[in-house]
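Colleague:
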Amino acid sequence: MKRLLILVLLLSWTTSLKAQEQGVFKDTLDGAFDVSHFLFDLHGFLPIVSPITEPAVGYGAVLMNAFFIPKKGESERLFRMPDVAFGGGGLTENGTWFLGGGYLGFWNEDRVRYRGFAGYGSINLTYYAFSELLDRELAIEYNLASTFLHQEANWRIGETDLFIGGSYRFVRTRVSSDRDPEDLIPSVDREITTSGLGAQIQYDHRDNVFSPTSGFITSLSMTYYPDELGSTRDYGQLIWYLNYYIPIGSKWISGFRAQSNWAVADPPFYALPYIELRGVPNLRYQGDWIGLVETEQQFRMTRRWALLGFAGYGWAQSSESLTRSDATAWNAGGGFRYLLARAFGLQAGVDVARGPEQWAFYVVVGSSWGR
3 MKRLLILVLL LSWTTSLKAQ EQGVFKDTLD GAFDVSHFLF DLHGFLPIVS
53 PITEPAVGYG AVLMNAFFIP KKGESERLFR MPDVAFGGGG LTENGTWFLG
103 GGYLGFWNED RVRYRGFAGY GSINLTYYAF SELLDRELAI EYNLASTFLH
153 QEANWRIGET DLFIGGSYRF VRTRVSSDRD PEDLIPSVDR EITTSGLGAQ
203 IQYDHRDNVF SPTSGFITSL SMTYYPDELG STRDYGQLIW YLNYYIPIGS
253 KWISGFRAQS NWAVADPPFY ALPYIELRGV PNLRYQGDWI GLVETEQQFR
303 MTRRWALLGF AGYGWAQSSE SLTRSDATAW NAGGGFRYLL ARAFGLQAGV
353 DVARGPEQWA FYVVVGSSWG R
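Okay, here's the thing in structure tokens:
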């Protein structure tokens, strides 16, 4: 739920020259560039520009206009996450584009967290299917034209860090491909509607939702798309993850991540779980089940600057002949971080990653694991 707020910081320091002249972006502690004061005063309309560097769709950008709604009647010294209404779109070099909007709500002193999105996207991707005739894997380019709606609410249990919630998701998709010589994309998946209900439980014990340095977050969610709700394919998805952060001394943060996704019943090919690691294109390695582990080791060089290294490994297993029965992927890389907002512990920087097939780079604001 923090992603949109974090995106603001990518170009926020260019939105107000007057604020710069008044020292809004200068830390009173060390005189360094810092956006803590700006975050405390978020309100009104603000344009947001964010780069897209995902290898699956190529380089591009997202342009949005966000309206921040501050919480009223609270202490000016106590930061509360503002509600955010937003709308905009994005475009990438492979012709992918999307438009949409939504609302992020943090209600009742953060006891209720709501998010809702709706929009349309035309996404150009590659499906890696196994050809029995050629006895090898084929890369098939295809387009997903989708209308989507997502509604979700989570409730905090008492004064604990435990949240439980529910969700509804609707997607109507048309799949097209001019480069599928053997018709490896199932005809039943060419035009499909999915409508499903979900439930989730999450425990968030991190010291910082932006760039954690200690604690952990774990979540288990299940979404099912039955034909009784209008789905043309009856299937479900189960997702579990754990992100753990361990401080070692005052300068070393040791992070570990584990994730496992399952697809049950009869999902469309593009909804199969996939290995999600930096340096590995999304949807490249799919299966009925995936599991992955990753570690990130960050070393603080100064109060503001840090270097990091990371490495991970993932598995994908499938019972379908259309995909590899077993696939693995690895990643390794490094990057740097700058403490962008000291009062919030928010870092920003760049990662360079290598996967099994290619290099990739990522602009990171907040946690690279994005939870």
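Using the numbering used here, the letters of the sequence shown map in sequence onto residues 3 to 373.
C-beta atoms are modelled at their ideal positions from N, C-alpha and C, and glycine is treated no differently.
Of the residues A318, T330, E359, F312, which one's Cα is nearest the Cα of S370?
Modeller: S370 has its Cα closest to that of F312, out of A318, T330, E359, F312.
Colleague: Rounded to the nearest angstrom, what separates L222 and F165 at their Cα positions?
Modeller: Those two C-alpha atoms are separated by around 11 angstroms.
Colleague: Give the straight-line distance between the Cα atoms of G89 and F218, rounded to the nearest whole angstrom.
Modeller: Computed Cα separation, rounded: 32 angstroms.
Colleague: Should the region 99-114 be called in touch with the region 41-56, which here means at least 3 C-beta pairs below 8 angstroms?
Modeller: Cβ pair count under 8 angstroms is below three, so no.
Colleague: So what's Y272 in DSSP terms, helix, strand or just coil?
Modeller: In the structure shown, Y272 sits in a helix (DSSP, three-state: H, G or I).
Colleague: Using a Cβ-Cβ cut-off of 6 angstroms (strictly less than) and excluding sequence neighbours within five positions of A355, which residues of its own chain qualify?
Modeller: Answer for A355: R280, G281, N333, G335, A362, listed in chain order.
Colleague: Compare the C-alpha of L151 against each of F301, R115, S252, G123 and name the closest.
Modeller: Out of F301, R115, S252, G123, G123 has the C-alpha closest to the C-alpha of L151.
Colleague: Report back the beta-carbon spacing between L31 and R344 to the nearest angstrom; my notes put them in contact at under 8 angstroms.
Modeller: Their Cβ separation, rounded to whole angstroms, is 7 angstroms, which keeps L31 and R344 in contact under 8 angstroms.
Colleague: Looking only at C-alpha atoms, which of F258, E296, G46, E143 sits nearest to S375?
Modeller: Any question about residue 375 goes unanswered here, given that the chain covers just 3 to 373.
Colleague: Are I187 and Y129 closer than 8 angstroms when you measure CB to CB?
Modeller: Against a cut-off of 8 angstroms, the Cβ pair of Y129 and I187 comes out as a contact.
Colleague: If I measure Cβ to Cβ from K73 and keep anything under 6 angstroms in the same chain, skipping five residues before and after, which residues do I get?
Modeller: Cβ within range, chain order: R82.
Colleague: By the three-class DSSP mapping on this structure, what secondary structure does R306 have?
Modeller: It is coil, neither helix nor strand.
Colleague: What's the C-alpha gap between G198 and Y243?
Modeller: Approximately 21 angstroms between the Cα atoms of the pair.
Colleague: Between A131, T149, E278, which has its C-alpha nearest I142's C-alpha?
Modeller: Comparing Cα positions, the closest option is A131.
Colleague: Looking at the strands, I want to know which residues DSSP matches up with E111.
Modeller: None, per the DSSP bridge assignment.
Colleague: When we look at the beta-carbon of Q239 and count the other beta-carbons within 10 Å, is it buried (16 or more) or exposed?
Modeller: Result: buried.
Colleague: Where does F119 sit, in a helix, a strand or coil, going by DSSP?
Modeller: Looking at F119 - three-state DSSP - the assignment turns out to be strand.
Colleague: Considering just the uninterrupted stretch of the alpha helix (DSSP H) at S262, what are its terminal residues?
Modeller: Where S262 is concerned, there is no enclosing alpha helix (DSSP H), although the beta strand (DSSP E) it sits in stretches over 254-267.
Colleague: Report the rounded CA-to-CA distance for S256 versus G293, giving the unit in angstroms.
Modeller: Using only the alpha carbons, I get a separation of about 21 angstroms.
Colleague: Among T330, G314, D328, A308, whose alpha-carbon lies nearest the alpha-carbon of V352?
Modeller: Residue A308 is the option with its Cα nearest to V352.
Colleague: According to DSSP, simplified to helix, strand and coil, what is R344?
Modeller: Note: R344 maps to helix in three-state DSSP.
Colleague: Is the distance from the Cβ of V59 to the Cβ of T94 below 8 angstroms?
Modeller: Yes, Cβ-Cβ distance for V59 and T94 is below 8 angstroms.
Colleague: Please return the same chain residues whose Cβ sits closer than 6 angstroms to the Cβ of L65, not counting the five positions on each side in sequence.
Modeller: Result list for L65: V51, G90, in chain order.
Colleague: What is the residue span of the beta strand (DSSP E) that L151 lies within?
Modeller: L151 -> beta strand (DSSP E) spans 138-158.
Colleague: With F69 as the anchor, note down where its beta strand (DSSP E) starts and where it stops.
Modeller: Where F69 is concerned, the enclosing beta strand (DSSP E) stretches over 62-71.
Colleague: Could you check the C-alpha separation between P228 and A273 for me, to the nearest Å?
Modeller: Going by the C-alpha atoms only, they are around 15 angstroms apart.
Colleague: For D36, does the three-state DSSP call read helix, strand or coil?
Modeller: Of the three classes helix, strand and coil, the one that applies to D36 here is coil, per DSSP.
Colleague: Within the continuous beta strand (DSSP E) that includes P358, where are the two ends?
Modeller: Taken as a continuous stretch (DSSP letters only), P358 belongs to no beta strand (DSSP E), as it is neither H nor E.
Colleague: What is the rounded straight-line gap between the Cα of Q22 and the Cα of P84?
Modeller: Caution is warranted here: a pLDDT of 48 is assigned to Q22, below 50, making its placement in the model unreliable, and no coordinate value can be reported.
Colleague: By the DSSP assignment, the beta strand (DSSP E) with Y243 in it spans what residues?
Modeller: Here the beta strand (DSSP E) through Y243 covers 237-250.
Colleague: With 16 other CB atoms within 10 Å as the buried threshold, where does N263 fall?
Modeller: N263 is buried by the Cβ-count criterion.
Colleague: Among the residues of its own chain, which have a CB less than 8 angstroms from the CB of S252, if the five just before and after it don't count?
Modeller: So the list reads R302, once near-sequence residues are dropped.
Colleague: For the beta strand (DSSP E) containing Y170, list its first residue and its last residue.
Modeller: Start and end: 164-178.
Colleague: Could you check where the beta strand (DSSP E) with I187 kicks off and where it finishes?
Modeller: Segment: none, I187 is in no beta strand (DSSP E) and carries neither H nor E.
Colleague: Hey, T196 and R235: beta-carbon distance below 8 angstroms or not?
Modeller: Yes, Cβ-Cβ distance for T196 and R235 is below 8 angstroms.
Colleague: Inspect the beta-carbon positions of T98 and I71 and report whether they are closer than 8 angstroms.
Modeller: No. Outside cutoff.
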